[in-house]
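Following our numbering, the numbering of the sequence shown begins with 298 at its first residue and continues without gaps. Everything below concerns the one structure shown next.
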Amino acid sequence: MPDSDYGRRLPLAAQVLFGALLAGTALYVVPTLVLSGAIVTAVVAAVVWLGGTGALWYLYRRDLRWAARRLADERDAHRLYRTLIEHGAEAHVVVRSDGAVAYASPNLTALLGVDPDGLDERGGLIDLVRHADRRRALEAFARVRRSRGATAALEVGIWHPDGSIGHLDVHAANLVDSPEVRGILVTVRDITPRKTIETEIQHLAYYDALTGLANRRFLFEQGANVLSQARRRGTGVAVLYVDLDRFKEVNEVLGHDRGDQLLRQVAACLREDMREADIVARVGGDEFALVLPDVEDAAAAGRIADRLLRGLPDRLERDGAGVTVAASVGVAVFPEDGDGIEALLKAADLAMYRAKTEGAGVQFHRPGLRAAFLAQRRMEKELREALDHHEFRLHYQPVFELGTGAMAGAEALARWRHVSRGLVGPDEFVGLAERSGLIRSLDRWVIGRAIRQRASAVAWGGWVSVNLSPLSLADPGLPDYIRSALEEADLPPDALVLELPEGAVLAGHGTEDIVGRLTGTGAGLALDDFGVVGASPALLRSLPIDILELHGDLVAGIGAPEIEQLLRATIALTHETGARVLAKGVETEAQLAWLRDAGCDFAQGYATGEPVPLETLAAGRGGRVRQVAGD
């Protein structure tokens, strides 16, 4: 019989009939379904005995189309829900209380790469979870299983059947009391793309994008941890601060792409040479920092730094870097030089700056370095002001021809007329100018001033030579500047000689192009400081060099048979190329005599004439002509 809810929806007469029927007075009830096309109609006929008054016939008819529509809607909704479940971004698994899989949505295959029907054989979902996350996942599932209505949410890593790693967002809900579920509903969503992006962001936060080394943030955080462990264990820690020498030349001559490649190669060398526990970080453009735990003392740290410096050029050559590079290293040790990572890095940085200033390769931190550093910074500020306020002067050291004793030319040497210190020589400020990036401005000032003064000194018949620093040699605008200065002063180009540093020319760094452009100015070219890095005179055959300038250390070795033999061979080979030889740093008459006998063309040094102002040189009082000529 229809329930009470259904009865209340019937007309009043029908409700009376139903009441009679329920009282047992109905004699006959005929339920009938009448089908007419797509219409379903329910017809109920009943006879109710009313005692002496007779019988009541009742005929009730109701259209059941609304019920059919409701049933169809429910079937459509079920199909829609099933489609969403099977093709949605989330997969659903129902696990019984005993751990068996009662249901797994078909899209589990696309999501996890496994057959839903084989989950039980694989050990269920937990078998897919990586070992690092498995214990946490088991504990979360156990909590949900113990309490009805309990939920848990977590992220886990999984192994796909192909060996790749994925990441899932997992939500579990205990629905054992739900008659439709009767188990634990586990919903999983693939979050691998999101985790990949998060990993990349995390990597960028702690690692250098160019070299792959740790960055400053990683260095400070992990370095602090290393120091904490060292305090507990009573062990030492060394911090090395590494700066590449003259890296700016590589960028300016060969381009930033080549510079970036060199940085990557240096980073690879540093990683290769260090232990797994060591921290290797890039902290600046061409600056690196190393934190080395379990280092006994400063001496042990120094040995590591020396090994690093000695091995770096060889490893770069092995890797095909094609660039000769050196480095300066500062060393600080814990706890002597600092108690925190920031203090140790500052101490190592100061030591590195000292190493670069002195060309020492490796320097240890010591008291007083900070004061020296601040003094250098003050001097750098004064140097900038000196350029702006025209505080520089030129002195000229004469160059004499050994065969005739005549002055062949003079080298222009800058002097700084310091406000409080008086006349300051180039040894005290040229290195600072190179480190501070002022050397190009200084070199251009010297070139322009020397050209103008040479043009104004009518009685001076020889050339004027100017030293070029390696950084100026990398200046692409220098040839045009020289050409313009010569034209403005109306000075013949051959009255100017440009002295090129042997080390920069030998190192390459793209100098062939700039040397060719300097040749195009018409000025003479001299290879300066020959003998410092052991270049062969045969190098002159590949470069348009007019003069080979022997370094003073070679000249000082005159008297030693092996040095004299080397000098004679160098002079002979240089003459074969058509170039001439200038001996620098000549200090004694004996050296002059030997050089003249060996066929050397020119001499320069305190034995022939010290640097003097232009007025003195032009008046012919700048040298000792008779000594040079051998009279």
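In this text, a Cβ means the ideal position worked out from N, Cα and C, and glycines have one as well. Keep in mind the model is a prediction, meaning the values are calculated, not measured.
- Comparing C-alpha distances from residue 649 to each of 489, 907, 628 and 634 shows the shortest one belongs to 628.
- Each residue's CA atom was taken as its position, placing residue 450 and residue 666 some 56 Å apart.
- Restricting attention to 843, 857 and 884, the CA atom closest to the CA of residue 874 is found in 843.
- Its chain contains 577, 587 and 589 as the residues whose beta carbon lies nearer than 8 Å to that of residue 571, once the 5 sequence neighbours on both sides are disregarded; these appear in chain order.
- According to DSSP, residue 660 shares a beta bridge with 627.
- With respect to the 7 Å criterion, residue 638 and residue 533 are not classified as neighbours on the basis of their beta carbons.
- A direct Cα-Cα distance of roughly 22 Å separates residue 838 from residue 762.
- Distance from the CA of residue 682 to the CA of residue 671, rounded to the nearest whole angstrom, comes to 17 Å.
- Cβ-Cβ distances below 7 Å link residue 884 to 902, 903 and 904 in the same chain, with the five nearest sequence neighbours on each side left out; the list follows chain order.
- CA-CA distance, residue 454 to residue 735, rounds to 55 Å.
- The continuous beta strand (DSSP E) containing residue 462 extends over residues 462–472.
- With fewer than 16 other Cβ atoms from the protein chains shown falling within 10 Å of its own Cβ, residue 493 counts as exposed.
- Where residue 438 is concerned, the enclosing alpha helix (DSSP H) starts and stops at 428–443.
- For residue 884, there is no enclosing beta strand (DSSP E), as DSSP gives it neither H nor E.
- Beta bridge pairing from DSSP links residue 584 with 540.
- Residue environment for residue 461: exposed (fewer than 16 other C-beta atoms within 10 angstroms of its C-beta).
- The residue from 404, 580 and 422 with its alpha-carbon nearest to that of residue 396 is 422.
- In this structure, the beta-carbon distance from residue 759 to residue 676 does not fall below 7 Å.
- Taking each of 408, 441, 452 and 600 in turn and checking the Cα distance to residue 429, the smallest one comes out for 452.
- For residue 690, the pairing in a beta bridge is given by DSSP as 712.
- The beta carbons of residue 625 and residue 653 sit about 4 Å from each other, so the pair counts as a contact at 8 Å.
- Three or more beta-carbon pairs separated by less than 8 Å are not found between the region 540–557 and the region 471–487, which leaves the two stretches without contact.
- Looking at the DSSP output, residue 403 shares a beta bridge with no other residue.
- Shown here for residue 634: same chain residues with a beta carbon closer than 7 Å to its own, the five before and five after excluded, namely 641, 644 and 662 in chain order.
- For the pair residue 863 and residue 841, the Cα-to-Cα distance works out to about 23 Å.
- Proximity of the region 595–604 to the region 494–512 falls short of the contact definition, fewer than three beta-carbon pairs being nearer than 8 Å.
- Under the three-state reduction of DSSP, residue 867 is assigned to helix.
- One thing to note: residue 914 has its Cβ no nearer than 7 Å to the Cβ of residue 750.
- Excluding five sequence positions before and after residue 787, the CB atoms of its chain that fall closer than 8 Å to its own CB belong to 752, given in chain order.
- When 822, 813 and 789 are compared, the shortest CA-CA separation from residue 795 is found for 822.
- Secondary structure of residue 475 (DSSP, three-state): coil.
- Short of 8 Å from the beta carbon of residue 791, and not among the five residues preceding or following it, lie these beta carbons of its own chain, in chain order: 760, 819, 820 and 821.
- Secondary structure at residue 639: helix, using DSSP grouped into helix, strand and coil.
- Beyond the five residues adjoining it in sequence on each side, residue 427 comes within less than 8 Å, by CB distance, of 453, 454, 455, 456 and 462 in the same chain, given in chain order.
- Residue pairing for residue 389: DSSP places it in a beta bridge opposite 484.
- In the DSSP assignment, residue 704 is bridged to 697.
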